[in-house]
């Protein structure tokens, strides 16, 4: 079921941004939730999202608190520090591969959009932010006192492994991880969405979310904003995997169209693929116009 967007009620936002731009503008996700990183971690499902900067290295990109909460962990080396924020008893966000100069301390309360730090410059791979939303700080079988698998960050290690075996009997969602973009979309609020930088595809117009085929396509300049009327996303605890794991739709009002239009907010790319040939990456067709 779609949810009405509540104007000016931004509770959640995207975690990565560039100076003087709205969060998410110029960014993309190379390895999504419940996808396989076939090059570096074959045979494992990704338990979060890897956020990159389009056309540049992400080192130095700004990392924001996705929602208000309390800093409950800052440390380890993923490489780079990991920060965890408690938003509710059953909701935590995690930010990995940060630069060692953090802008927070444990016990601090932060508001949505607070600058936590920046992305670490990597030498072993392209710099990126590893971002998770999950229901637990630690849980016995994942990163508590009885981890089932021998991951590097397992025993009583709050950041957790960042991955889960594809041959495990449970999907990552069954262990408490959540699809980050689904969580943000269902809870983010309302206002306007905008055409981000570096977008090459038109907006594909549908009569309803997940309708069989689009009825039209239109293009608008970068920075064009549209009133956001409703949102639709997949289940926060989705059990889909690969390219089918994450789905977001916006109902918007277009300036040259009488009736509202449903538009998919994500466009798959072939920047990274799983061992089965499915893509794991996507760019944003529209992003929340949030400061």
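Residue numbers (the working numbering): 250 to 540.
Glycine is no exception: its CB is placed at the ideal position from the N, C-alpha and C atoms.
*asked:* Could you compute how far the alpha carbon of residue 434 sits from the alpha carbon of residue 263?
replied: 9 angstroms
*According to the neighbour-count rule (16 or more other Cβ atoms, all chains shown, within 10 Å of its Cβ), is residue 464 buried or exposed?*
exposed
*Looking only at its own chain, which residues have a Cβ that is under 8 angstroms from the Cβ of residue 322, when we skip the five neighbours before and after it?*
331, 332, 333, 355, 386, 407, 408
*Does the beta-carbon of residue 458 have 16 or more other beta-carbons within 10 angstroms, so that it is buried, or is it exposed?*
That one is buried.
*Where do the N-terminal and C-terminal ends of the alpha helix (DSSP H) with residue 488 fall, by residue?*
Unbroken run through residue 488: none, as it is neither H nor E.
*Between which two residues does the beta strand (DSSP E) carrying residue 528 extend?*
Residues 528 to 533.
*Can you name the start and end residues of the alpha helix (DSSP H) that residue 299 belongs to?*
Residue 299 -> not in any alpha helix (DSSP H); beta strand (DSSP E) instead, spanning 298 to 302.
*Rounded to a whole number of angstroms, what is the C-alpha to C-alpha distance between residue 395 and residue 351?*
31 angstroms
*Between the CA atoms of residue 397 and residue 270 - distance to the nearest angstrom*: 42 angstroms
*asked:* Taking the alpha carbon of residue 275 as the reference point, which residue from 364, 358, 444, 372 has its own alpha carbon closest?
replied: 444
*Please list, in chain order, all residues of the same chain as residue 403 whose beta carbon is under 7 angstroms from its beta carbon, the five residues on each side excluded.*
392, 396, 410
*Buried or exposed: where does residue 337 fall if 16 or more other Cβ atoms within 10 Å of its Cβ makes it buried?*
exposed
*Which whole-angstrom value is the C-beta distance of residue 277 and residue 297, which I expect to be below 8 angstroms?*
Actually they are not in contact, since the Cβ atoms of residue 277 and residue 297 sit about 15 angstroms apart, beyond 8 angstroms.
*Do you know how far the Cα of residue 273 is from the Cα of residue 291?*
27 angstroms
*Apart from the five residues just before and just after residue 309, which ones in its own chain have a Cβ nearer than 6 angstroms to its Cβ?*
The beta carbon of residue 309 sits closer than 6 angstroms to those of 367, all from its chain and outside the five residues before and after it, given in chain order.
*Between residue 441 and residue 476, is the Cβ-Cβ spacing less than 8 angstroms?*
yes
_From the DSSP secondary-structure annotation, give me the bridge partner or partners of residue 443._
As DSSP reads the structure, residue 443 sits in a beta bridge with 474, 536.
*Quick one, are the C-beta atoms of residue 359 and residue 425 less than 8 angstroms apart?*
no
*What are the boundary residues of the beta strand (DSSP E) that includes residue 320?*
If you look at residue 320, you'll find it in the beta strand (DSSP E) that goes 318 to 324.
_Taking a contact to mean a Cβ-Cβ separation below 8 angstroms, would you say residue 261 touches residue 427 in this structure?_
no
*Apart from the five residues just before and just after residue 339, which ones in its own chain have a Cβ nearer than 6 angstroms to its Cβ?*
384
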